[in-house]
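Enquirer:
In structure tokens form, the structure reads like this:
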């Protein structure tokens, strides 16, 4: 019991020293390789702490080896742009002045609803209220709003069409039917719903519409009153 206690203290101190040497970013937003290293160190630290049959030195050498690999990758990351792009990735601009970039979303295994959720977390509820939006290499989300974005989102938009499919629940919420919105699609020049990337509408009747591979459009529906 006493031996396990001492081994645990030694491994804990060694792991703490290595994590501190790796820098502040290691305990903040991590790059993919940093997350892998953190998981590996956690696993390596557990084994020699509890298993007396494994020499303590083996565990310490393994942890220090991972630290050495971390330092090598950091050097490549700081000095070679191509290596940094391969190891850490690059930011992905998923929304620009033309609208949503569906190809970039798919590269990151994301869809339109994921983007809309990320925008809402940042306080942007209307897709047309943002000039640019991107996911950083480590996965954090950033958005650049338009100067008058607060005037463009006075009511909460709901998704009517997502990736070529109607959202029946949201359609019912708007107190309209599918035929009504099919007529709206015709006015927007859309003949095939399967080509629609996204279509939203807010309580004031403002429609955000975008077909795959095309620039977005907005339209104001003539509603008698604000629905929500």
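Numbering (the working numbering), first residue to last: 230 to 457.
Yeah, the Cβ is synthetic: ideal placement off N, Cα and C, and Gly gets one too.
#1: How do the region 375 to 394 and the region 338 to 356 stand: do at least 3 beta-carbon pairs fall below 8 Å, yes or no?
#2: Taking 8 Å as the limit between beta carbons, can you name the residues of its chain near residue 277, skipping five residues before and five after?
#3: In its own chain, which residues sit with a C-beta less than 8 Å from the C-beta of residue 253, not counting the 5 before and 5 after it?
#4: At which residue ranges does the region 354 to 404 contain complete beta strand (DSSP E) runs of 3 or more residues, listed in the order of the chain?
#5: Between residue 453 and residue 314, what straight-line distance do the alpha-carbon atoms span, to the nearest angstrom?
#6: For residue 455, which residues from the same chain have a beta carbon less than 7 Å from its beta carbon, with the 5 sequence-adjacent residues on both sides left out?
#7: What's the gap between the Cα of residue 446 and the Cα of residue 375?
#8: Determine the burial state of residue 328: buried for a count of at least 16 other Cβ atoms within 10 Å of its Cβ, exposed for fewer.
#9: Just the Cα atoms here: how many angstroms apart are residue 216 and residue 457?
#10: Considering Cα atoms alone, identify which of 356, 370 and 372 is closest to residue 382.
#11: Roughly how many angstroms lie between the CA atoms of residue 436 and residue 427, to the nearest whole one?
#12: Measuring straight from C-alpha to C-alpha, what distance separates residue 366 and residue 402?
#13: Please state the DSSP three-state secondary structure of residue 328.
#14: Do you know offhand how far residue 257's Cα is from residue 362's?
#15: Using the C-alpha atoms, what's the distance from residue 308 back to residue 404?
Expert: Straight from the coordinates:
#1: By the Cβ criterion, the region 375 to 394 is in contact with the region 338 to 356, since at least three pairs of Cβ atoms, one from each stretch, lie closer than 8 Å.
#2: Result list for residue 277: 236, 240, 283, 284, 285, 287, 288 and 289, in chain order.
#3: Any answer about residue 253 is weak, because its pLDDT of 46 lies below 50 and its placement is not dependable; what the coordinates show is given next. Close CB contacts of residue 253 within its chain, under the 8 Å cut and outside five residues either way in sequence, are absent.
#4: Entirely contained in the region 354 to 404, the beta strand (DSSP E) runs reaching 3 residues are, in chain order, 359 to 364, 370 to 374 and 387 to 391.
#5: Residue 314 has its alpha-carbon roughly 52 Å from the corresponding atom of residue 453.
#6: In its chain, beyond the 5 residues on either side, 384, 432 and 433 have a beta carbon closer than 7 Å to the beta carbon of residue 455.
#7: Going by the C-alpha atoms only, they are around 16 Å apart.
#8: By the neighbour-count rule (16 or more Cβ atoms within 10 Å), residue 328 is buried.
#9: Outside the displayed range of the chain (230 to 457) lies residue 216, so it cannot be described from this structure.
#10: Nearest of 356, 370 and 372 to residue 382, Cα basis: 356.
#11: Each residue's alpha carbon lies about 10 Å from the other.
#12: Straight through space, the alpha carbons of residue 402 and residue 366 are spaced by roughly 37 Å.
#13: Three-state DSSP puts residue 328 in a strand.
#14: Because residue 257 sits at a pLDDT of 44, beneath the cut-off of 50, its placement in the model cannot be relied upon, and the following sentence gives the value as read from the coordinates. Approximately 22 Å, taken between the alpha carbons.
#15: Spanning the two alpha carbons is a distance of roughly 58 Å.
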